[in-house]
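Per this note's numbering, the sequence shown runs over residues 80 to 340.
Think of the CB as a built atom: it goes at the ideal place given N, C-alpha and C, for glycine as much as any other residue.
See structure below.
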Amino acid sequence: MRNKIGSAIIVALIAGASCRAAEAGTPPFRFDRDTVGFANMTVFEYQNGIAHLRRGESAKQKRYTRRCFVLCRTTMQFEKFARFDPNAPSLDDGDLAKRIRRVTRYAAWRHPLPDDERVVFPGYANLRQLSEARGFILQRNIGYGWPTYWRLGNARTFFEPGIGYQEGTHEKLNAVLNRGDLFVGFLTTLPHLRINHAVLFYARESGPAGIDRYLVYDPNHPEGPRHLWWSQRERSFEYEKDWDFVGGRIRVYQIYGMPLQ
């Protein structure tokens, strides 16, 4: 009986999220359509997740770096406040820049705009297509990376490192996804410097008992979604291993969910 009740609640939550997305004029988030097509490049070189200083020609290359927070925020803002019209002629660089800045002036935690109030981007079908064709204009107009180091919300990583805070974050993450919204997470292992990064959570997948598995957009990896887990037994989050992270336990802090966060 309890299993039936639990299943009914899950179905109701999913249905409610779908209804809210439909009311806002926003189709379900899709990685290949709704994320940015270029990468946030790392400051350091990595080997098996261990950072090293760049040397030689690699150190001289001009790279788009320190923008993981900015790209996650921008992705959320385009999902909520922009729409695309692929059948209309595209804008010149000046007008395109103005419309990009209009989108990024909306606070990311605001409710999505109705379709007729959104900023229109003619000539492209979605954010992925726009960012691949006009990436330089997008990079120049979505903001700098250095202010993210001085955000007031970063202080939580020092004062709220405990398991209880992470359990609360896990509950909040599920609540956000259940209502059809997006969740930007600051990933850290402070005081160790294995990761200092932001990703955008957009879906939860079914997994083994006691494990919640999430799909995330990682700005370092525009080629496809990555996975992050919550283990009920360990009461902690874990992020998958890749060239830029050794993998394993991390802490997650929500950002852009409210003012000063």
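Going by beta-carbon coordinates alone, are Gln333 and Val263 separated by less than 8 Å?
yes
Beta-bridge partners of Ser285, as assigned by DSSP
Looking at the DSSP assignment, Ser285 forms no beta bridge with any residue, so it has no partner.
Is the beta carbon of Leu217 less than 8 Å from the beta carbon of Ile179?
yes
Coil, strand or helix - Asp260 by DSSP
coil
Under three-state DSSP, which class holds Gly327?
strand
Look up Tyr335 in the DSSP assignment and say whether it is helix, strand or coil.
coil
Same chain, Cβ closer than 8 Å to Phe110, five either side skipped, listed in chain order
Tyr281, Leu294, Tyr296, Gly303 and Pro304
Could you tell me the alpha carbon to alpha carbon distance between Ala101 and His271, rounded to whole angstroms?
Confidence is the limiting factor: at Ala101 the pLDDT is only 42, short of 50, which leaves the residue's position unreliable, though a coordinate-based value still follows. Roughly 42 Å between the two C-alpha positions.
Can you say whether Val337 is buried or exposed, counting buried as having 16 or more other CB atoms within 10 angstroms of its CB?
Residue 337 is actually Met in this sequence, not Val. Per the 10 Å Cβ criterion, exposed.
First and last residue of the uninterrupted alpha helix (DSSP H) at Val182
Asp172 to Arg184
Are the CB atoms of Leu231 and Leu339 within a distance shorter than 8 Å?
yes
How many Å lie between Asn275 and Met120 at the Cα?
13 Å
Exposed or buried, which one is Val182 when buried takes at least 16 other CB atoms within 10 Å?
buried
Length at least 4, wholly inside the region 194–243: the alpha helix (DSSP H) runs in chain order
206–212, 214–220 and 235–238
Distance between Leu252 and Phe157 (C-alpha atoms, nearest Å):
20 Å
Can you round the beta-carbon distance between Arg330 and Thr267 to whole angstroms, since I take them to be within the 8 Å contact cut?
5 Å
In terms of residues, what are the limits of the beta strand (DSSP E) holding Leu307?
Arg305 to Ser310
Can you tell me which residues form a DSSP beta bridge with Glu317?
Trp308 and Arg328
Do Arg213 and Leu261 have their beta-carbon atoms positioned less than 8 Å apart in this structure?
no
Would DSSP call His271 helix, strand or coil?
coil
Straight-line gap, Ala288 to Phe117 (C-alpha atoms, nearest Å)
36 Å
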